[in-house]
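Below you'll find the structure, written out as structure tokens, and then a few comments.
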Amino acid sequence: MIDCHVHLWDPAEGFPWIRPGGEHHRAFDEEDLAHSGAGLGLAGAILVEASRGDAGETLALRELRRRRPDLVAGYVANLHVHGADGPDALRSLLQEQGDSRPNGMRLGGSSWRETPEPARALVPVLAEAGVALELNLHRKALTAAVEAGARYPGLTVVVDHLGNAPDPRTPQAGEWFREVESGAASPNVVVKISGLLTQQHGLEPQRIAHMVRHVVDTLGPDRCLIGSDWPICLPRGSRADSLATSRLGLSHLAADQLDRVLHTNAVRVYGLGG
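Using this note's numbering, the first residue of the sequence shown is number 14, and each one after it goes up by one.
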């Protein structure tokens, strides 16, 4: 299994969203990552940026990937922090980094329209370079992914955390189910089954399983990834607990289909090379 969503950080280096005194206000390094995955049969992880707030985070993630290939199979950098330098600078950076460039770059915000325009202007560079665009949007993430995928047919768009799905017991859930269905016609849109231990905390397992199964059956097992969102998940449970939650709703898959969700798709989507 490749865990497609983990973070590392040290609050002393930035990360303004981490509040002093909170459960996340401590350094999480590669040794913590190794310990958290012990006994889980992991082949590696995708290290995702954690909003440090500067372009140096991209270089820090790259260095972690180079130093610990036994733990970090690839990394997703922050697209926002490269916006001010413009498309040409990002194009040059990706060319210079070669095989050690980001495997994806993430854009986040309340909605697509509310993300910074300079960051959105970099999306064509990702399409040219074959680097995945990762979306962490609080509203209509799947709709935004479909639109970006249609505009750039060669671009792979990864949607984090089931598109930040609402509680399925609320009226907003119907809109999310329809968004998933609209995404089925966009072959370059991939959904990450992640963040559920936190986002759907307290929900009955069968309801979570229903959401996961809806995504997998609608988009197909070739267009899904799995992730723990460690250490964000820790107030609700361990990395193992989070991955187990993400796997709810996958029991109906054949062995080869399950292997694609848990491993093979990550290799293809992030260009891991094997």
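We treat Cβ as the ideally placed atom computed from N, Cα and C, and that holds for glycine. Computed from a predicted structure; not experimentally measured.
query                                                                                                                                                                                              : result
Answer with buried or exposed for leucine 84, where buried requires no fewer than 16 other C-beta atoms within 10 angstroms of its C-beta.                                                         : buried
CB lysine 153 to CB histidine 174, shorter than 8 Å?                                                                                                                                               : no
Whole-angstrom Cβ separation of tyrosine 88 and leucine 103, contact assumed at under 8 Å?                                                                                                         : The pair is not a contact, with the Cβ atoms about 16 Å apart (cut-off 8 Å).
Under the three-state reduction of DSSP, which class applies to histidine 223: helix, strand or coil?                                                                                              : helix
So does the segment 15 to 23 actually touch the segment 232 to 243, counting three or more Cβ pairs closer than 8 Å?                                                                               : yes
Since alanine 119 is in the alpha helix (DSSP H), which residue starts that stretch and which ends it?                                                                                             : Strictly speaking, residue 119 in this sequence is arginine, with alanine absent from that position. From DSSP, arginine 119 is part of no alpha helix (DSSP H) but of the beta strand (DSSP E) over 117 to 122.
Mapping DSSP to helix, strand and coil, what is valine 274?                                                                                                                                        : helix
Starting from the C-beta of leucine 46, find all residues in its chain whose C-beta is less than 6 Å away, skip the five residues before and the five after it, and write them out in chain order. : Leu84
Express the C-alpha separation of tryptophan 243 and glycine 122 in angstroms, rounding to a whole number.                                                                                         : 20 Å
For my contact list, alanine 63 and phenylalanine 28 are in at a C-beta cut-off of 8 Å; report their separation, rounded to the angstrom.                                                          : 6 Å
Quick check: the Cα distance between arginine 182 and valine 225, rounded to an integer number of angstroms?                                                                                       : 15 Å
Does the Cβ of glycine 34 have 16 or more other Cβ atoms within 10 Å, making it buried, or fewer, making it exposed?                                                                               : exposed
Return the chain-ordered list of same chain residues with a C-beta closer than 7 Å to the C-beta of leucine 210, the five sequence neighbours on each side being excluded.                         : Cys246, Arg249, Gly250, Asp254, Ser255, Thr258
What are the complete beta strand (DSSP E) segments, minimum 3 residues, inside the segment 188 to 214?                                                                                            : 202 to 206
Near histidine 38, what residues of its chain come up, given a Cβ to Cβ distance below 7 Å and the 5 sequence neighbours on each side ignored?                                                     : Pro24, Ile31, Arg32
Cβ atoms of asparagine 201 and leucine 168: under 8 Å apart, would you say?                                                                                                                        : yes
Find out if the Cβ-Cβ distance for the pair valine 144, arginine 114 is shorter than 8 Å.                                                                                                          : yes
In this structure, does DSSP put leucine 232 in helix, strand or coil?                                                                                                                             : helix
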